[in-house]
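Last residue of the sequence shown? That's 108 in my numbering, and every number before it is there in order. From the three backbone atoms N, C-alpha and C, an ideal C-beta is built for every residue, glycine too. I have placed the structure first, in the form of structure tokens, so that the comments after it can refer back to it.
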Amino acid sequence: MPQLDTSTWFITILSMVITLFLVLQLKVSKHHFPEDPKPKPTVTPKPVTPWEKKWTKIYFPLSLPLQ
42 MPQLDTSTWF
52 ITILSMVITL
62 FLVLQLKVSK
72 HHFPEDPKPK
82 PTVTPKPVTP
92 WEKKWTKIYF
102 PLSLPLQ
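As structure tokens, this is what we get:
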């Protein structure tokens, strides 16, 4: 039974790893990643309500004149 020649395995595996690394680097370098998220301004518009433009008086039971 002949012996298996393993003298070329190292260079074969090494060249395969280097090739896979280079292919992966080329794939990643051509990929467009999204930009970093920027914080949005948190200014909320003030809601417009009709009673803000009018003068109103709130009567509390304790603030009524004594009878």
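- The C-alpha of T47 lies about 30 Å from the C-alpha of Q66.
- Here V89 carries a coil assignment [DSSP, helix/strand/coil].
- A direct Cα-Cα distance of roughly 14 Å separates V64 from L55.
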